[in-house]
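To get the numbering used here, take the position in the sequence shown, counting from 1, and add 3.
Glycine included, every Cβ here is placed at the ideal spot set by N, Cα and C.
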Amino acid sequence: MPVTEDLMKEHQLILKYADLMERCADYSLKHPGAVVLLENAAGFIGFIKEFADHFHHAKEEDILFRYLEVPGVLTHCNPVPQMLMEHEKAREFVRNMERALQQKALNDLVDNTARYARLLKEHIYKEDNILYPMGERGLSDEDKTALLKEYVQADQRVDSQAIWAKYEALYMELEPVLNALAD
Ligand SMILES: [Fe+2]
Ligand SMILES: [Fe+2]
């Protein structure tokens, strides 16, 4: 009974946005004065705060990690503190992005957007390939049943269907904008 399947699906959308952010930041570096990142940063920040952090990271921190940190579940090592530190680091980059956007400080915005995207890509790789498989192996069936119930409640609390629809639609809008930019 897998308990990380939905989280891995959420990772896929986060990775798609991380890709757009990286492309936007790259383009801005190669074309000084380009406004594409300034114009789209509010959408990126909205996605990060509402989907990646408030929805996805909250499910990890409030539910999955709590179960994983029960003694005996993770036997070899405990990567949870490192994952929590990376969530905090990500929040710092987003705060910096917001400040840079407000001040129209393009260099800072480019820098923090690129750092956020890189951090999240590495973070998700570690969760998908190390932490989540450890959790699938270590959690008992009783734990998994209880955990899945808590996910359902979390999904209802934030109306996950609505935010999935909102941010899949935004991605469909943003991707062609980025594709239309010449190198
Ligand atoms: Fe995470
Ligand atoms: Fe995650």
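Can you determine whether any heavy atom of ligand 2 sits closer than 7 Å to the C-beta of residue i, and answer yes or no?
{"i": "Ile133", "result": "no"}
{"i": "Leu10", "result": "yes"}
{"i": "His14", "result": "yes"}
Taking 7 Å as the limit, name every residue whose beta carbon sits nearer than that to some heavy atom of ligand 1, in sequence order.
His60, Glu63, Met86, Glu89, His90, His126, Glu130
Entirely enclosed beta strand (DSSP E) segments - the segment 29-111, minimum 3 residues
none
Pairing CB atoms from the segment 68-82 with CB atoms from the segment 118-125, are three or more of them under 8 Å?
No, the segment 68-82 does not touch the segment 118-125.
Could you say if the segment 19-30 and the segment 97-117 meet the contact criterion of at least three C-beta pairs nearer than 8 Å?
Taking 8 Å as the limit for Cβ pairs, the verdict is that the segment 97-117 does touch the segment 19-30.
Contact the segment 78-87 vs the segment 158-174: 3+ CB pairs below 8 Å
No: fewer than three Cβ pairs fall under 8 Å.
I'd like to know if the segment 29-46 and the segment 139-159 are in contact, where contact means that at least 3 CB-CB pairs between them fall below 8 Å.
The segment 29-46 is not in contact with the segment 139-159.
Contact between the segment 54-67 and the segment 83-102: three or more CB pairs below 8 Å?
Segments in contact, yes.
Whole alpha helix (DSSP H) elements within the segment 103-154, 4-residue minimum
109-129, 135-141
Please confirm if the segment 127-136 is in contact with the segment 101-112, defined as three or more CB-CB distances below 8 Å between the two stretches.
Segments in contact, no.
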